[in-house]
Structure formats: structure tokens, C-alpha cells
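Student: A single structure is presented below for examination.
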Amino acid sequence: MRYESRVNVSDLISAVLAAVSDRKPDCQGSSSCEWVYRVTNSAWFAESSYWILFKPLRVALILLLAVAARWALHRTINRLVRTTTDGAVPTMLRPLRERIPSASLDPDQFVPERRRQRAEAIGSVLRSMVTAFVFGIALLMVLKEFSFDLAPLLASAGIAGVALGFGAQSLVKDLIAGLFMLIEDQYGVGDTVDLGEATGVVEAVGLRVTTVRDGRGVLWYIRNGEIVRVGNKSQGWALVVVDLPIGFAGTEEATAVLRTAAASVALDPELAPSIVEEPEVLGVEQMTVDGAVIRTVVKTTADGQFAVGRELRRRLAEALENSGIVAQIAAARLFPGLPVQPPAPPAAEGTGTGGPT
1 MRYESRVNVS DLISAVLAAV SDRKPDCQGS SSCEWVYRVT NSAWFAESSY
51 WILFKPLRVA LILLLAVAAR WALHRTINRL VRTTTDGAVP TMLRPLRERI
101 PSASLDPDQF VPERRRQRAE AIGSVLRSMV TAFVFGIALL MVLKEFSFDL
151 APLLASAGIA GVALGFGAQS LVKDLIAGLF MLIEDQYGVG DTVDLGEATG
201 VVEAVGLRVT TVRDGRGVLW YIRNGEIVRV GNKSQGWALV VVDLPIGFAG
251 TEEATAVLRT AAASVALDPE LAPSIVEEPE VLGVEQMTVD GAVIRTVVKT
301 TADGQFAVGR ELRRRLAEAL ENSGIVAQIA AARLFPGLPV QPPAPPAAEG
351 TGTGGPT
């Protein structure tokens, strides 16, 4: 091919653009198309401006609004969590027992660290739910901008949701039970609980599973939906109850001895911080074939109940032994037909008298 017969590509493009620019765009009454044509004086750009310019801008605006809404909601949740941690607890995040007007517990007795952990757990769940909801709505709006028919999609999602709900009833039950467990503050990490299935110390709390380690070191994984009742031994205060049999010894004497021993426990500087109310000897709790049983109680903190209980039992047992009541109980068991005699007082040294030989 000769050089003179070759087509000049640049001249061809210029001619096409000139021909296109000479015609008016078919805007079909669109004000945005007409505005773009007045600004750019380009018919093809004005006609395609809806897909080239306005659609991307609307999608970007939807995503920007979704990010802003998520940020605002997360900020609100974080502020709510901080307020709960600082002590000014909103009604929604208060444990159920603190919302009851007749509650006998002082809110100041609850540990701030426990409240902080619970608030952060609830805040994490709320942030995840907000993120899924906001971006789910944004995704549907973006698909609508690209002319997707959402009716079949929503119908399919509804059918799939129903099928998933029937197939995952236990999972949904566990998640809902775990959420309410966190909101009501039934138990937390480090609490000693009785969940029916297992009794021990809570090591981890999740929305679906609670992990408990029992006294033998066995680690139990319990689904929250299977927990029917919860016995928490680490919240508020605890009551240590000690029942001691005294046989058929004098109840007044035994009560006085036990009251003195119990009072000494409250005066112990190591145990005093764990005692909420001083020990009290209630008196005869029951009568058995072996004699009377006297009950002693003391209100302690949840963490100090075991140490106080062990020391109280030790001192009460020593007091009964030192007073001679234990010897009376043993004598009554060996010779049940004989009357119980109080122990003879020790003879004073140097006052003995000589007898006949």
C-alpha cells in the first residue's frame, strides 16, 4: 500500500468527535444530562453521564454514609461502655438484681473490674451487630443502584433464613441465652458457679458456650441454651453456716463457749476484711438421737467465705474441746444410760490434804 493511500487516524478521530459534538444529546428530560451538556458541550458524555458520573457518585455517597453511621453508632456504644465502667450504669446495662427496687445489696459491693469486663463483652456484641446491619443495608442500596432486582434476592434470603432457623434452632437458642446472660450479669470469669451440669470456676464466657473447670481439674464446655438454672457463689456476700453437735451437754454453757470462740474470729486482723457481719450463735437448730445441734452463722464476702469458714470451724471445735464438752459427748456415747456429769475442776496445787493410809 502506498503512503498516500494510508488513512490518517488522528484526522479520523477528529472528524468523528466533530460530528458527534455537532449533534444534541438525547437527555429524555433529564436535567442532570442537560447540565452536563451545558458544562462540557459533549453529547456522548452528557448521555452517558448517568453511568459514568452520577452512579459512581451515588454509590460512593452510600458507602460514605454507611461508614459515617457505623462510626457514630460505635462511638455511642463505646461511650456507653465507658460510662458503665466508670460507675454511672445506664438502666439497660444494669444487672437484673440492681434494677429491682427491693434489692438488699449495695451497688458499691460489686467489683468494678467485673462490671468493666461485662460492659466490654456487651459492647463487642453490639458493635458486631451494628456493623453487620449497617453494611447489609448499604449493600442492598448499592445493588439497587446497579438495577438489580432485589425482590427475588430478598425472597431467597427469607426462605434461606427460615430453613437456617429450623436447622439451627439450638444454635440460635444458645446465642440468645448467652446474650441475656451477659445483659443480666448472671456470672462472669472467675466466679464459682453451679450450673447443674458442672460446678466449678468459670474460665471463659461466650455467646454460645461457657467453660467451667471443676474441683478435679476437668474442663467442662456447657452450651448456654442448656443451662436451666445458675447458682453463683461469687456475687455479693456469702453466709457460712456451721452446725456443731453438743450431745446432751448444757445448751447454755455450750452457746456461751461457741459465742466467745466466734467473736474471736471477727477480731482476727487477717479475717476481719472478709467479714461483713459479726458471727452469731443462733442456738439449738435441731434435736437428734445424739443430742442437740447448735448453729453458728457469719456473713462474709464472696471471696473470703472459705477462709473464714475453715477458721471458724477450727476455733469452735477447739473451744468445745477446751471447755470439756467434747469429753461429755464422748462419755455419753460410750455409756448412753449414765447421766452426763460436768468435768471436775482441777485441784489447786499445794492445797491437797492427806488421807488415811
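Numbering of the sequence shown is given in UniProt numbering, commencing with residue 1 and proceeding in unit increments.
Note that the Cβ used here is the ideal one computed from N, Cα and C, for glycine as well.
From a predicted model like this one, the values you see are computed outputs, not experimental measurements.
1) Find the nearest neighbour of Val284 within the set Phe54, Gly250, Glu277, judged by alpha-carbon distance.
2) Would the beta-carbon of Asn232 fall within 8 angstroms of that of Met181?
3) Give a yes or no on whether 8 angstroms exceeds the smallest Cβ distance from Gly283 to chain C.
4) What are the boundary residues of the alpha helix (DSSP H) that Gly178 is part of?
5) Roughly how many whole angstroms lie between the Cα atoms of Pro107 and Val172?
6) Helix, strand or coil, according to DSSP, for Leu80 in the structure here?
7) Using a threshold of 8 angstroms, state whether the C-beta atoms of Ser234 and Ala168 are closer than that.
8) Please tell me whether Ala327 and Ser274 are closer than 8 angstroms, where the distance is taken between their beta carbons.
9) So, Val202 versus Val189, is the Cβ gap smaller than 8 angstroms?
10) Where does Lys299 fall in DSSP's three states?
11) Check the DSSP bridge columns for Asn232 and list the partner residues they point to.
12) Could you check what DSSP says for Gly206 in three-state terms: helix, strand or coil?
13) Note down the Cα distance separating Asp290 from Leu282, rounded to an integer number of angstroms.
14) For Glu277, I'd like the list of residues in its chain whose CB is within less than 6 angstroms of its CB, leaving aside the five on either flank, ordered along the chain.
15) Just curious, the beta strand (DSSP E) that Val281 is in, first and last residue?
16) I need the boundaries of the beta strand (DSSP E) containing Val218, first residue and last residue.
17) Rounded to whole angstroms, what's the CA-CA distance from Val241 to Ala262? Just pull it up for me.
18) I'd like the list of long-range same chain contacts for Phe133, defined as Cβ closer than 8 angstroms, with 5 residues on each side in sequence excluded.
19) Residue 359 to Thr76, Cα distance in whole Å?
20) Are Leu271 and Thr296 closer than 8 angstroms when you measure CB to CB?
21) In whole angstroms, give me the CA-to-CA distance for Thr211 and Thr199.
22) Using only CA atoms, which one of Asp243, Gly247, Leu63, Met287 lies nearest to Glu280?
Tutor: In this structure, then:
1) Working through the sequence shown from its first residue, we reach residue 284 at position 284. For the residues Phe54, Gly250, Glu277, the minimum Cα distance to Val284 belongs to Gly250.
2) As a position in the sequence shown, residue 232 is number 232, starting the count at 1. As a position in the sequence shown, residue 181 is number 181, starting the count at 1. Contact flag unset, no.
3) Here there is only one protein chain, and chain C is not present.
4) Stepping through the sequence shown from its first residue, residue 178 is reached at position 178. Per DSSP, Gly178 belongs to the alpha helix (DSSP H) from 169-184.
5) Position 107 of the sequence shown, counted from the first residue, corresponds to residue 107. Position 172 of the sequence shown, counted from the first residue, corresponds to residue 172. Reliability fails at Pro107, whose pLDDT of 40 lies under 50, so the model's placement of it is uncertain and no value is given.
6) By 1-based counting over the sequence shown, the position of residue 80 is 80. Here Leu80 sits in helix by DSSP.
7) Taking the first residue of the sequence shown as 1, we reach residue 234 at position 234. Taking the first residue of the sequence shown as 1, we reach residue 168 at position 168. Taking a C-beta distance under 8 angstroms as the contact criterion, Ser234 and Ala168 do not qualify as a contact pair.
8) For the purposes of this step, residue 327 is identified with residue 327 of the sequence shown, where counting begins at 1. For the purposes of this step, residue 274 is identified with residue 274 of the sequence shown, where counting begins at 1. With contacts defined by Cβ atoms closer than 8 angstroms, Ala327 and Ser274 do not form a contacting pair.
9) As a working mapping, residue 202 is identified with position 202 in the sequence shown. As a working mapping, residue 189 is identified with position 189 in the sequence shown. Contact: yes.
10) The residue given as residue 299 occupies position 299 in the sequence shown. The three-state secondary structure of Lys299, taken from DSSP, is strand.
11) Along the sequence shown, read from residue 1 onward, the residue named residue 232 stands at position 232. Val193.
12) On the sequence shown, residue 206 is found 206 positions in, with the first residue counted as 1. In this structure, Gly206 counts as coil in the three-state DSSP scheme.
13) On the sequence shown, position 290 is the one that residue 290 refers to. On the sequence shown, position 282 is the one that residue 282 refers to. One C-alpha to the other measures close to 19 angstroms.
14) Sequence index remark: in the sequence shown, residue 277 carries index 277 (1-based). In the same chain as Glu277, and ignoring 5 residues on each side of it, the C-beta atoms closer than 6 angstroms to its own belong to Lys299, in chain order.
15) Taking the first residue of the sequence shown as position 1, residue 281 is located at position 281. In the DSSP annotation of this structure, the continuous segment of the beta strand (DSSP E) that includes Val281 starts and ends at 275-288.
16) Walking along the sequence shown from the start, residue 218 turns up at place 218. Unbroken run through Val218: none, as it is neither H nor E.
17) Counting from one through the sequence shown, the residue named residue 241 turns up at place 241. Counting from one through the sequence shown, the residue named residue 262 turns up at place 262. Between Val241 and Ala262, the alpha-carbon positions lie close to 12 angstroms from each other.
18) Position 133 of the sequence shown holds residue 133. The answer is none, since no qualifying residue turns up.
19) The question about residue 359 has no answer here: the residues shown for the chain are numbered 1 through 357.
20) Taking the sequence shown and counting its residues from 1, one reaches residue 271 at position 271. Taking the sequence shown and counting its residues from 1, one reaches residue 296 at position 296. Result no, Cβ atoms of Leu271 and Thr296 do not sit closer than 8 angstroms.
21) On the sequence shown, position 211 is the one that residue 211 refers to. On the sequence shown, position 199 is the one that residue 199 refers to. Spanning the two alpha carbons is a distance of roughly 11 angstroms.
22) The sequence position of residue 280 within the sequence shown is 280, counting from 1. When only C-alpha atoms are compared, the closest one is Asp243.
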